[in-house]
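Structure record follows, encoded as structure tokens.
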Amino acid sequence: MTRRLLLIGPPGAGKGTQAGRLTEHFRIPAISTGDIFRQNLRDETELGLKAKAFMDAGDNVPDEVTNDLVRDRLSQPDCAEGFLLDGYPRTTDQVRALDEFLAEKGVALDAVVELVADPDIVVERLKKRAVDQGRADDDENVVRHRLDVYAKQTAPLIDVYAERGMLTKVNGIGEIDEVTGRILDALSVRDLP
Ligand code: AMP
81 MTRRLLLIGP PGAGKGTQAG RLTEHFRIPA ISTGDIFRQN LRDETELGLK AKAFMDAGDN
141 VPDEVTNDLV RDRLSQPDCA EGFLLDGYPR TTDQVRALDE FLAEKGVALD AVVELVADPD
201 IVVERLKKRA VDQGRADDDE NVVRHRLDVY AKQTAPLIDV YAERGMLTKV NGIGEIDEVT
261 GRILDALSVR DLP
């Protein structure tokens, strides 16, 4: 069964971890724009160079760049039977671009999962990740800025999807398995077993 899912939530809510779980469960590719940008940074590609300053500062990479990247990725054959987007869309312009892409293909999203996490907990988690993984944008000041960017530019999208009746809210705090279970339960209530 085709599944087209979005995972939305603040930095540090555990989107990447849960995306990994869901991709195994549903056998669909997880597409994380953050991971794709980081890979391009490491490979020093043109895209990586374009994204670097924005990522280092904790700002969103410009919509045009990000939308082109996602359009290319979603056009790959492995996305034909579904996909899970992690960290995209992040702005209203990205919602518009995604809507346009899906409409062109004659398909629609099945559900949007919001991983809810308290900002204080998230900051603590990211401080730990800064030590474990050495991500430069997990520096505390950059983290606070990323949370601010999330609140201003991304949180409003939650209402957009809620109004469309697509949103399902899941508590992102707890053991990894527990949170995965909550997401799967929430999706099965929506007839997405
Ligand atoms: P993430 O791994 O999702 O926290 O993303 C890390 C960084 O990559 C963000 O702080 C942004 O600089 C950039 N990024 C990831 N996804 C997007 C997106 N959808 N739009 C713009 N910038 C993004």
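The opening position of the sequence shown corresponds to residue 81 in our numbering, with each subsequent residue numbered one higher.
Positions of the beta carbon are idealized from the N, C-alpha and C atoms, including for glycine.
Kindly provide the ranges of any beta strand (DSSP E) runs that are 3 or more residues long and lie completely inside the stretch 159–216, ordered along the chain. 162–166 and 191–196
Quick check on T125: does DSSP put it in helix, strand or coil? coil
N-terminal and C-terminal residue of the beta strand (DSSP E) that S268 is part of: From DSSP, S268 is part of no beta strand (DSSP E) but of the alpha helix (DSSP H) over I256 to V269.
Would you mind giving the Cβ-Cβ distance between E194 and I108, rounded to the nearest angstrom? I have them listed as a contact below 8 Å. E194 to I108, Cβ: 19 Å. No contact.
At least 3 beta-carbon pairs within less than 8 Å: the stretch 181–189 vs the stretch 203–211: no
What are the boundary residues of the alpha helix (DSSP H) that includes N283? In the structure as shown, the chain starts at 81 and stops at 273, and residue 283 therefore has no counterpart that could be examined.
In the structure shown, what three-state DSSP assignment does A93 receive? coil
For V145, which residues of its own chain have a beta-carbon under 6 Å away from its beta-carbon, when the five flanking residues on both sides are left out? K130
Cβ-heavy atom distance between N221 and the ligand AMP below 7 Å? no
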